[in-house]
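Quick notes on the structure that follows.
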Amino acid sequence: MVSRDALLLRLAIAVASASACQPSQLAENIPAAAAVRYLSGWDCDDWTATSSGNAAAGLKRLSIKAQVPGDLLTDLQAAGHIGDPLYENNWLKSDIWAKQTWTFSRNFSLDVADAETGRVQVVFDGIKMGARVKINGVTAGTATSQFIRYSFDLDPKEHKLRSTNNSLEVEFDQSIEVGGRFMACSGGWDWAPYTNTRQEGANTFTYGIWKHVYLVFTPSHSASIFHVVPRIFYKGKYPMEALVDGEHAGFSVKVNVFLSAAAATEGFLRLTPSWGEPGEQVHVQVPAGNSSHTLLAEASAAQVKLWWPVGMGQQHLYDLKVTFEPGASFGASTAAASAPSASRAVGFRYFALVTGNDTDPAYVARAGLEEGTDSQGMYFRINGVAFWSKGANVIPMEELEGRMNGEAHRVLVRSAADGGMNTLRVWGGGIFLPDEFYEACDELGLVVFHDMMYAQSGHAPEKNYVQDTELRHQIRRLSSHPSIVIWDGCNECTVRMGTPTEIYATFVMTVVAEEDDSRSIWPSCPAFGWTTGVHKLDCLPNGKPLTTPGTSHVIETHGYYQHGTGFPSVNGWAKMWGFNANLPIKVSAEATGLERRNVFGSEFGAVVMSSFESMAPTLHEAHWGLHAGQVSDTCNETGFANTCKGPNVMAQRNYPCDSLINAYFGLHPDSYFNQTGEAIFKRQLFQCMLAQALILKSDIETRRSQNQFGALVWQLNEIWPTGGWGVRDPGEGASAGRPLEALALPLQERSIFADVMVACGADGQCYVKNDGPTAFEGVCIVSFLRFADGRKELLKALDFSSAPLRAGPGTKELFQVEVSGMDSSSYMLLGECTTSAPSRLVAAYGSSDGCVSFNEILMAAPAQLHLPPAKVNATVAAAANADGSIDISLTADARPSGT
């Protein structure tokens, strides 16, 4: 019999010899084991993709190098067999990937004794879509969900294991039923390319081994840790005021540990928190196969500091380590040396999804004994502080998983924080995102409202083993992240008992609640709330059956959406549906405050074209124009997913932008949109991007005058260069997205997403709003700027120095400025709030000390403005800044009319 030390030594040598495959990014929290050996990574070139060929389709058998993690289309492009799939209409040339079977394969070495004396598993963190996994030609199992971590045991006899040249094959077979368990926007959405391939009624696109692959070795006497699932609970009463570090009631920590063992064994599970409080250590009997155990710890106010959203406090994180030491006695040298351990970063916060008036102590006392939700409204409270949720919806960053970049997800989150956002919703038609996204949210303080991956259109749930496994795996995988504050069932699938959608309550969210009872849960997005199954004050699960009301007062909304029209395309309408620019806005006079009926806007948006820098590389130069300079397609129009016939490449770029450009920059003839060339394309795209920014600015300023406590723009990012909805440009790598971001995000940061801001609308009706957590002491002013001569004049000053504007969210003060008799095309208003009295009138953001927001308020659409000719000069800095940005200074010399 081989000794434990000999086994470990042999395994260490095997792992060292295989160290060429290592992940540089997109690695998840993998199992903690005696040893893990990667079979994938960016420096690992051992994978091959081989096709079956198809004589009827004229396809010969091919063999190409493959990248894992990755996808087939990216590999085909790298091998030179296809062009860029997103160039022109290349993705519609699908025979090479759709009409034959492709198999990914590689060889690996293995000490057979490892499998004979312990447990060896090959683990796939993600396979998209249906595939058979074979070891030495023997089927080890089948993958049918993109969102499951698959583990297959290697049996020396059954799989004919040998020391070298063991073959690992993943055969993608479209006849394998997958039940829609892959990214719903694969193959088309109204911001994603529509393909001509389908499976089981759902559009498809690329496929492959999209996450890492590795071998996990568990000695016979030990166990591996597959999941560490912390659940953190606040120990005090429901807080109606801000919790204070060092003074709150502390937290209890329950950690579910999921083990995998080769055979029945025993050992010690030890919890080691970094905050100093010794965790629990228990002796456990571990059965063969998979099992779970729970460890406990405490975190007092003296030991931990609170985790806060960005702008409300710091994001304190702590490590939590779990170790399994095999053996009947603790501390044996051999056992201690082989003890697997896993760590997770956690944060301490108490979050409540509020649907009643929790500013009323009587309500809090009553609701603390009740279940279900109320229908007064919807807002968020964290660590006792209610806050305005401001942000956007996130879709996948790539259609082609081979282009996925971990650092790009960090940049995406950072750009949201820089744009004044504090909330991101992960949309249910995409994917559970890479770890880099959630880590960045933890570190930067973005709270996450998270759908399960259901979005209808062939991707509805079924109560079965596969989907049960999928849900449990993803909740276990992500549960340590303090940024995730809400789990919800799906995108736009209103959950009603007694209808097919009740499955989201009876199955989907029931499984979620079983796995994680430490977070608020919500039926869907949007939703009416719960009848039973949650604590009324915070929407945390109470262990009882989840049910929903039939109808209720609307507390969460999707829309308004400004679609694009005026050109035949796969989305929208060919007819020009004109609309009026929302300038000036209509300011609501309704009273605002948490104690009143309110609404949470979790989706609203406007169509936009991507920047020239993103669009141009995906189009032939002859097609650089909004209508591509080609004859228009013929489209059978439904308004969402139209079928278009013809050669026009811009018809495939989702929505047109003609109607937006006409609304803000005046009516243009078709000949304008039919032009092509770099200069005209840049002009058209810039107009489209600016129109979207102005629509969103007006929409959010209107909403802020109303009693709304959530404003999540549809959407933050794009999946490809197109006529989509994203305020951030698409692109590969960490620098993706800068051009469009430069337009929309500064508007958000400087005014519409600032905690304290002033805005004005029709007839000089204005308001100042404090949606921040602290009272505002300072001055807000509104100035008049006349275009003809550049004259500026103070219209109103509100001094909150001696009588501060009370803390928000929802604190609003209405006031009027005198603009009667003035031509709205001849002037604009400037609104500024500063923490000290401005020494002079301002004309640019940030030109006053202590400026907290600056708002340039148009009273008419740009096309209607009477602007004098201007000479604009740009000066570019000689060198880049430390963060890679480049300073550009603009000066304008406008001449009054007639001079």
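Residues -20 to -1, 1 to 879 in mature numbering (1 follows the signal peptide of the UniProt record, and there is no 0) are what the sequence shown lists, from first letter to last. For each residue, glycine too, the CB sits at the ideal point set by N, CA and C.
Expected contact under 8 angstroms - CB spacing of I535 and S355 to nearest Å: 6 angstroms
Nearest-angstrom Cα separation, counted from G269 out to F132: 12 angstroms
Spatial distance of L696 from G703 (CA atoms): L696 and G703 have their alpha carbons spaced roughly 14 angstroms apart.
Nearest candidate by alpha-carbon position, reference W169, set V492, T274, G50, I375: I375
Which of helix, strand or coil DSSP assigns to K191: coil
Under the three-state DSSP convention, the category G382 falls into: helix
Minimum length 3: unbroken beta strand (DSSP E) runs contained in the region 409 to 444: Listed in chain order, the beta strand (DSSP E) runs fully inside the region 409 to 444 are 427 to 431, counting runs of at least 3 residues.
Contact belief for residue 881 with S395 at Cβ below 8 angstroms, rounded distance in angstroms: Look at the range of the chain in this structure, -20 to 879, and you will see that residue 881 is not part of it.
Buried or exposed (CB count within 10 angstroms, at least 16 for buried), S869: exposed
Minimum C-alpha distance to G259 - residue among V266, Q265, C165, R250: R250
C-beta contact flag for G513 and P525 at 9 angstroms: yes
Cutoff 6 angstroms; reference G552; Cβ partners in own chain excluding five residues on either side: H543, G544, T545, Y635, P636
Per DSSP, cross-strand counterpart(s) of Y18: Y194
Classification of A716 by the beta-carbon crowding that lies within 10 angstroms, buried from 16 upward: Below a pLDDT of 50, predicted positions are generally treated as unreliable, and A716, at 46, falls in that range; the measurement from the model is reported next regardless. So A716 ends up on the buried side.
Where the alpha helix (DSSP H) through M109 begins and ends: First-last for M109: undefined, no H or E at that position.
Proximity test, Cβ basis, 9 angstroms: Q294 and chain D: In the structure shown, chain D does not exist; there is a single protein chain.
Check whether F206 and A279 have beta carbons under 9 angstroms apart: For F206 and A279, no; Cβs fall outside 9 angstroms.
Where the alpha helix (DSSP H) containing M808 begins and where it ends: Note, M808: premise wrong, no alpha helix (DSSP H); beta strand (DSSP E) at 807 to 814.
M163 - DSSP class collapsed to helix/strand/coil: coil
Assigned secondary structure, G690 (DSSP; H/G/I helix, E/B strand, else coil): strand
Through-space distance from S804 to G752, alpha-carbon basis: 31 angstroms
Coil, strand or helix - Q655 by DSSP: coil
Under the three-state DSSP convention, the category K79 falls into: In this structure, K79 counts as coil in the three-state DSSP scheme.
Stretch-stretch touch, CB-based, cutoff 8 angstroms, three pairs: the region 356 to 366 with the region 675 to 689: yes
Cβ pair count under 8 angstroms reaching 3, the region 209 to 225 against the region 328 to 339: yes
Local Cβ density within 10 Å of V262, reported as buried at 16 or more and exposed below that: With fewer than 16 Cβ atoms within 10 Å of its Cβ, V262 is classed as exposed.
Start-to-end residues for the beta strand (DSSP E) that takes in V264: 261 to 266
contact_flag[the region 30 to 49, the region 125 to 142] where n(CB pairs < 8 angstroms) is 3 or more: no
Where the alpha helix (DSSP H) containing R346 begins and where it ends: 341 to 347
Bridge partners - P627, DSSP secondary structure assignment: In the DSSP output, where bridge partners are listed per residue, P627 has none listed.
Where the alpha helix (DSSP H) containing N642 begins and where it ends: 638 to 645
V393 in three-state terms, based on DSSP: helix
Cβ neighbour criterion (16 or more within 10 Å) applied to P649: exposed
Contact under 9 angstroms by Cβ, L276 with V302: no
Helix, strand or coil at D64 [DSSP, three-state]: In this structure, D64 counts as coil in the three-state DSSP scheme.
Closest Cα partner of F547 within the set S639, I837, A164: S639
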